[in-house]
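These notes concern the structure reproduced below.
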């Protein structure tokens, strides 16, 4: 079986690794080729060093996985704990002339009052209508059902367009996993009343 793998990013490298693993386990019909336009492997997960020695990450260097095989492979490839840089996530959003802790939905108290009201109104309206929701067909549908109109207008739609450079109504929902923090309405209201920051 001839396999052409297009792209030397994490998925392409993983596919090549698995194809070679299967071939070495006795399936000699596997014949694979990996094609990459860049001189370096890694795709958007690589780091580039410029002429001045600055490091530039081409994309996110974050791993989202709950797959034992994948975790074992990473441990095999990078067995030294010093090769890993584990961090507790602390992210902030620059918005309305100030930094707001991310996820924004847990830190609405940092917004102007009229936006807080619009966001909570949308969340409460969603709670009232939740039983009538159908399975979301697009990421836009999912955001509206999860966050309500106020939070979508204030943050979710503009932020996700900036991140993905693509409109949410043209994206499906299967890819998300844990990439988008969901809503805990009681914590949101608690944080608004107490003016409490919550980092995620």
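Numbering (the working numbering), first residue to last: 153 to 352. All residues carry an ideal CB built from backbone N, CA and C; glycine is no exception.
CB contact flag (residue i, residue j, <9 Å)
| i | j | result |
| --- | --- | --- |
| residue 204 | residue 340 | no |
| residue 320 | residue 299 | no |
| residue 325 | residue 288 | yes |
| residue 135 | residue 311 | Given a span of 153 to 352 for the chain in the structure shown, any question on residue 135 remains unanswerable. |
| residue 126 | residue 275 | In the structure as shown, the chain starts at 153 and stops at 352, and residue 126 therefore has no counterpart that could be examined. |
| residue 243 | residue 352 | yes |
| residue 279 | residue 306 | no |
Simplified DSSP state of residue i, which is helix, strand or coil
| i | result |
| --- | --- |
| residue 287 | coil |
| residue 233 | helix |
| residue 252 | strand |
| residue 351 | coil |
| residue 294 | helix |
| residue 189 | coil |
Neighbourhood of residue i by C-beta, 8 Å cutoff - its chain only, sequence neighbours within 5 removed
| i | result |
| --- | --- |
| residue 264 | 248 |
| residue 259 | 252, 253, 343, 349 and 350 |
| residue 197 | 161, 162, 210, 211, 212 and 213 |
| residue 241 | 351 and 352 |
Endpoints, beta strand (DSSP E) assigned at residue i
| i | result |
| --- | --- |
| residue 226 | Here residue 226 belongs to no beta strand (DSSP E); instead the alpha helix (DSSP H) covers 220–229. |
| residue 158 | 154–158 |
| residue 201 | 199–201 |
Span of the alpha helix (DSSP H), counted from its first residue to its last, around residue i
| i | result |
| --- | --- |
| residue 311 | 309–316 |
| residue 346 | 337–346 |
Proximity winner among the options, relative to residue i (alpha-carbon distances)
| i | options | result |
| --- | --- | --- |
| residue 335 | 303, 321, 318 and 224 | 303 |
| residue 155 | 187, 178 and 177 | 187 |
| residue 153 | 159, 332, 175 and 169 | 175 |
| residue 166 | 223, 250 and 199 | 223 |
| residue 215 | 286, 238 and 193 | 238 |
| residue 229 | 308, 180, 293 and 169 | 169 |
| residue 221 | 184, 173 and 328 | 173 |
Nonlocal neighbours in the same chain, by C-beta distance under 7 Å from residue i, ignoring five residues either side
| i | result |
| --- | --- |
| residue 296 | 304 |
Residue i beta carbon near the ligand HEM (any heavy atom closer than 8 Å)
| i | result |
| --- | --- |
| residue 298 | Questions concerning the ligand HEM fall outside what the structure shown contains, since it holds no ligand whatsoever. |
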